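As they're listed, the protein sequences go chains A and B.
Residue numbers for the first sequence follow this note's numbering, so the first one is 1 and each next one is one higher.
Residue numbers for the second sequence follow this note's numbering, so the first one is 379 and each next one is one higher.
Glycine residues also receive a C-beta, built at the ideal position from the N, C-alpha and C atoms.
Given the structure is predicted, the values throughout are model-derived calculations rather than measurements.
Written below as structure tokens is the structure these notes are about.
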Amino acid sequence: MLEASANSGASPQTGIHQLIAADGTSVADGELDPFVADVDDAQLVRLYSDMVAIRRIDVEATALQRQGQLALWPPMLGQEASQVGSLRALGGDDFIFPTYRENGVAYLRGADLAGIMSTWRGSANTGWDPYKFNMATPQIIIGSQTLHATGYAMGLVLDGKETLSIAYLGDGATSQGDVHESMVFAASFQAPVIFFCQNNHWAISEPVGLQAHVPIAGRAPGYGIPSLRVDGNDVLAVLAATRWAAARARSGGGPSFIEAVTYRMGAHTTADDPTRYRGVTELEEWGAKDPIARVKALLQGRGKLDDDAEAAVARRADAVAAELREGTINLPDPAPLSVFDNVYTTEHAILDRQRDHYERYLAGFAPTDGTTLEGSRS
Amino acid sequence: MSRLTLTQAINAGLRKAMEDDPKVVLMGEDIGTLGGVFRVTDGLMKDFGSHRVIDTPLAESAIIGTAVGLAYRGFRPVCEIQFDGFIYPGFDQIVSQVAKLHMRTHGQVRMPLTIRVPFGGGIGSPEHHSESPEAYFVHTSGLRVISASNPQDAYTLLRQAIACDDPVMFFEPKRRYHAKGEVDLDADLTRAPAMGASRVVHAGTDVTLVTYGPLVATALDAAKAAADDGISLEVVDLRSLSPLDYGPIEESVRRTGRVVITHEASETLGLGAEVAAGITERCFNYLEAAPVRVTGFDIPYPPSKLEKHHLPDLDRMLDGVDRALGRPNSLSGLEG
Chain A
1 MLEASANSGA SPQTGIHQLI AADGTSVADG ELDPFVADVD DAQLVRLYSD MVAIRRIDVE
61 ATALQRQGQL ALWPPMLGQE ASQVGSLRAL GGDDFIFPTY RENGVAYLRG ADLAGIMSTW
121 RGSANTGWDP YKFNMATPQI IIGSQTLHAT GYAMGLVLDG KETLSIAYLG DGATSQGDVH
181 ESMVFAASFQ APVIFFCQNN HWAISEPVGL QAHVPIAGRA PGYGIPSLRV DGNDVLAVLA
241 ATRWAAARAR SGGGPSFIEA VTYRMGAHTT ADDPTRYRGV TELEEWGAKD PIARVKALLQ
301 GRGKLDDDAE AAVARRADAV AAELREGTIN LPDPAPLSVF DNVYTTEHAI LDRQRDHYER
361 YLAGFAPTDG TTLEGSRS
Chain B
379 MSRLTLTQAI NAGLRKAMED DPKVVLMGED IGTLGGVFRV TDGLMKDFGS HRVIDTPLAE
439 SAIIGTAVGL AYRGFRPVCE IQFDGFIYPG FDQIVSQVAK LHMRTHGQVR MPLTIRVPFG
499 GGIGSPEHHS ESPEAYFVHT SGLRVISASN PQDAYTLLRQ AIACDDPVMF FEPKRRYHAK
559 GEVDLDADLT RAPAMGASRV VHAGTDVTLV TYGPLVATAL DAAKAAADDG ISLEVVDLRS
619 LSPLDYGPIE ESVRRTGRVV ITHEASETLG LGAEVAAGIT ERCFNYLEAA PVRVTGFDIP
679 YPPSKLEKHH LPDLDRMLDG VDRALGRPNS LSGLEG
């Protein structure tokens, strides 16, 4: 009988590189330690602060969605270490190809918070200039961006550059043909690309075991791509693994694959109801592996997170929340005729005619509130 | 008769088809335990088992491609593509394999797939969740293409689609998923209107308004509004986009002499272009005015804050009606 079996072999909680255990104790790892030997307590506090800040983005955005200020929000709760650790391993010239869930990465990269939210409010398809932040727009088509990252990296080789690209993807994406093809191309052309896979255990309602019968990191060597499987809730392990992959890319070593084993503590998006498909036991189990709590415990154990430091972290998170809320609520609605903008780089007879006709049509309704119809016609 | 939402009617149609034929299997992302992101398949995995309601890995090409293999083996796969904008990874399998295998094998292999696609906008979604890709499939010979506009049609057309030995693209107007209507769950399929038949859903005398899927409800509202203005609209629901059934449209246009075609999809090479050409060929001597198209613009689907400007609404339809009637309209004074 044909039964799709959700195989638990996809995500055994063994064979995972770790530097900070869930209880906040340090763990030695011969492979990863050299890549974070320079990370002192002050840097660890900054990573902690980053995680607290992006968790606050998540809380605030979820609230704004409930209040009708956002159309939708994809929570990143529980995945803060994966987003912070990977981003902080990159240089400013390295180019990022994110999914729709990497909103913490976008903030840390410098994108304007209201801009990030404009996509989730429905005001714009993208909230930042990809070339300003060396970060592509959030990808919604599952896995598509892995090809883009690979092609960008091929371009870096052609241009003789020593930077790299990184594709963020999820466990579900690894089932897509595009991801397979991107890994083939990356290996064939020894492209300096990092495949950063956050295995958060769920693709909407489908458990990772439906996508893979062995740990996802185990696939990459079959393409000739070295891989690491790390605790995705351990910011230091993620930082180290991404630095390992980045060092390989910069030294002509080609592509690398990282499986960051984490957990989507929230819903797929605010439109999803996870109580229909997963139990509380799993949530409790992963709640006990919280990425932020363990760094806090580690720092406190060392006496490196006093009240002043905690207050500074909280002030930053408060400021982020205030900026996000204020900016989002005040985002202007796009002008009606901007629907015609940027479809082409230059004039297009048919579309220009449609625009003119629609402008005439709207004029018949004579707006009385002083709003403008104008898009930014080129 | 039962009063059902569109989703409940489709659910009932799937259930009936699975009861009637053990070779019917459902495939898709999140259709099992979750019951689909729109709950269309709610409860079916529990009742029919995970061997017939198959939660697949995330790969649309594989959903369609493995359905081809299952069809080779004698199954009748019903594939759900989660959102319209997610269909393109499966496009190659649909166009190069599903549509062509019957002809390629001299009729020896049949591809009785049904590919269900929630389509269209108006629900405030992010990019790739509001598209109207039906014309790509109408343009692909070898596929039949259906779009239901109400619960009764959805129930009947879906059963007909699954029973059909040709591959059928089944477009579901997702913004009407919660609309309710009376459904005769025990209706005899052989006595139902043919799957390929279009239908007059509102009788009128002045202008023929042709549409399908999500805009049928809007067109009916437009007919009511026009009546207040003394204009009588006849509304035709195409139901089948391939093949097109010109019978009721022709009959209508010969009486009205004026036709407006409206859909959410872009104008260029959309269904409106095809219907306008077909009607002009068939009814040229009866036309009092050029056929009018009221459609989405030739743009990628806009951010949701702008979708109301892209989607034809009641006012834009009535503006098109005015054009067909030669009354003052937004294009008065222009040639086209």
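Span separating the alpha-carbon of residue i from that of residue j
i: Ile441(B); j: Thr483(B); result: 22 Å
i: Arg377(A); j: Leu384(B); result: Here the model assigns Arg377(A) a pLDDT of 49, short of 50, so the residue's position is not dependable, and the following value carries that caveat. Answer to the nearest angstrom: the Cα atoms are 41 Å apart.
i: Leu736(B); j: Val208(A); result: Coverage of chain B is limited to positions 379 through 714, which leaves residue 736(B) absent and any answer about it impossible.
i: Gly714(B); j: Glu685(B); result: With a pLDDT of 49 at Gly714(B), under the threshold of 50, the modelled position of that residue is not reliable, and the figure given next carries that caveat. Straight-line Cα distance between these residues: approximately 25 Å.
i: Arg229(A); j: Ala217(A); result: 6 Å
i: Arg353(A); j: Arg325(A); result: 39 Å
i: Phe461(B); j: Leu665(B); result: 39 Å
i: Tyr466(B); j: Gln69(A); result: 31 Å
i: Asp356(A); j: Val672(B); result: 15 Å
i: Val214(A); j: Gly9(A); result: 5 Å
i: Ala575(B); j: Leu616(B); result: 7 Å
i: Gly224(A); j: Ala240(A); result: 21 Å
i: Lys424(B); j: Ser205(A); result: 15 Å
i: Pro706(B); j: Ala387(B); result: 42 Å
i: Ala366(A); j: Arg360(A); result: 10 Å
i: Thr126(A); j: Ala106(A); result: 11 Å
i: Asp346(B); j: Thr492(B); result: Missing from the structure shown is residue 346(B); chain B here goes from 379 to 714 and no further.
i: Gly143(A); j: Val179(A); result: 6 Å
i: Ser338(A); j: Val431(B); result: 43 Å
i: Ile350(A); j: Ile409(B); result: 41 Å
i: Lys641(B); j: Gly499(B); result: The sequence given here places His at residue 641(B); Lys does not occur at that position. Each residue's Cα considered, the two are about 11 Å apart.
i: Phe257(A); j: Ala449(B); result: 37 Å
i: Pro545(B); j: Asp623(B); result: 18 Å
i: Asn134(A); j: Thr242(A); result: 17 Å
i: Gly253(A); j: Phe426(B); result: 51 Å
i: Pro226(A); j: Trp128(A); result: 33 Å
i: Ala322(A); j: Val578(B); result: 55 Å
Where residue i falls, given that 16 or more other Cβ within 10 Å makes a residue buried
i: Ile459(B); result: buried
i: Glu730(B); result: Residue coverage of chain B in this structure runs from 379 to 714, which leaves residue 730(B) outside it and unanswerable.
i: Ser123(A); result: buried
i: Met379(B); result: exposed
i: Val637(B); result: buried
i: Met481(B); result: exposed
i: Lys558(B); result: exposed
i: Leu567(B); result: exposed
i: Gly115(A); result: buried
Among the options, nearest to residue i - alpha-carbon criterion
i: Ala71(A); options: Pro681(B), Arg636(B) and Ala557(B); result: Pro681(B)
i: Glu651(B); options: Pro626(B), Val613(B) and Leu619(B); result: According to the sequence shown, residue 651(B) is Ala rather than Glu. Selected option, being the one with the closest Cα: Leu619(B).
i: Val45(A); options: Ser256(A), Lys304(A) and Asp356(A); result: Lys304(A)
i: Asp399(B); options: Pro571(B), Pro669(B), Thr518(B) and Cys542(B); result: Cys542(B)
i: Gly463(B); options: Tyr514(B), Ala572(B) and Ala390(B); result: Tyr514(B)
i: Ser710(B); options: Ala363(A), Pro334(A) and Ala61(A); result: Ala363(A)
i: Leu32(A); options: Ala42(A), Ile16(A) and Gly172(A); result: Ile16(A)
i: Gly327(A); options: Ala37(A), Gly222(A) and Trp120(A); result: Trp120(A)
i: Gln475(B); options: Ala390(B), Gly498(B) and Thr444(B); result: Thr444(B)
i: Thr596(B); options: Pro511(B), Pro690(B) and Pro504(B); result: Pro690(B)
i: Val59(A); options: Arg294(A), Ala309(A), Ser338(A) and Ala267(A); result: Ala267(A)
i: Ile54(A); options: Gln145(A), Met76(A) and Trp286(A); result: Met76(A)
i: His429(B); options: Ala601(B), Ala557(B) and Val403(B); result: Val403(B)
i: Gly520(B); options: Gly452(B), Ala643(B) and Met489(B); result: Met489(B)
i: Trp202(A); options: Pro334(A), Ile57(A), Ala314(A) and Gln79(A); result: Gln79(A)
i: Gln471(B); options: Thr518(B), Ala604(B) and Pro504(B); result: Thr518(B)
i: Thr163(A); options: Ser118(A), Arg278(A) and Val193(A); result: Val193(A)
i: Gly502(B); options: Leu392(B), Leu703(B), Lys683(B) and Tyr590(B); result: Lys683(B)
i: Ser251(A); options: Leu156(A), Gln83(A), Glu102(A) and Gly115(A); result: Leu156(A)
i: Gly91(A); options: Ala245(A), Leu169(A), Gly160(A) and Pro221(A); result: Ala245(A)
Bridge partners - residue i, DSSP secondary structure assignment
i: Asn199(A); result: Val261(A)
i: His331(B); result: In this structure chain B extends from 379 to 714, so residue 331(B) is not present and cannot be described.
Cross-chain neighbours of residue i in chain E, by beta carbon under 8 Å
i: Leu351(A); result: Reference to chain E is not applicable here, since the protein chains of this structure are A and B.
Residues of the stretch 658-679 of chain B whose Cβ lies closer than 9 Å to any Cβ of chain A, in chain order: Phe675, Asp676, Ile677 and Pro678
Query - Residues of the stretch 186-220 of chain A whose Cβ lies closer than 7 Å to any Cβ of chain B, in chain order - result: Ala203, Ile204, Ser205, Glu206, Leu210 and Gln211
| request: Output, in sequence order along the chain, the residues in the stretch 275-294 of chain A whose CB is closer than 8 Å to any CB in chain B. | output: Arg276 and Tyr277
- Query: In chain order, what residues of the stretch 61-84 of chain A put their CB closer than 8 Å to some CB of chain B?
  - Reply: Ala71 and Leu72
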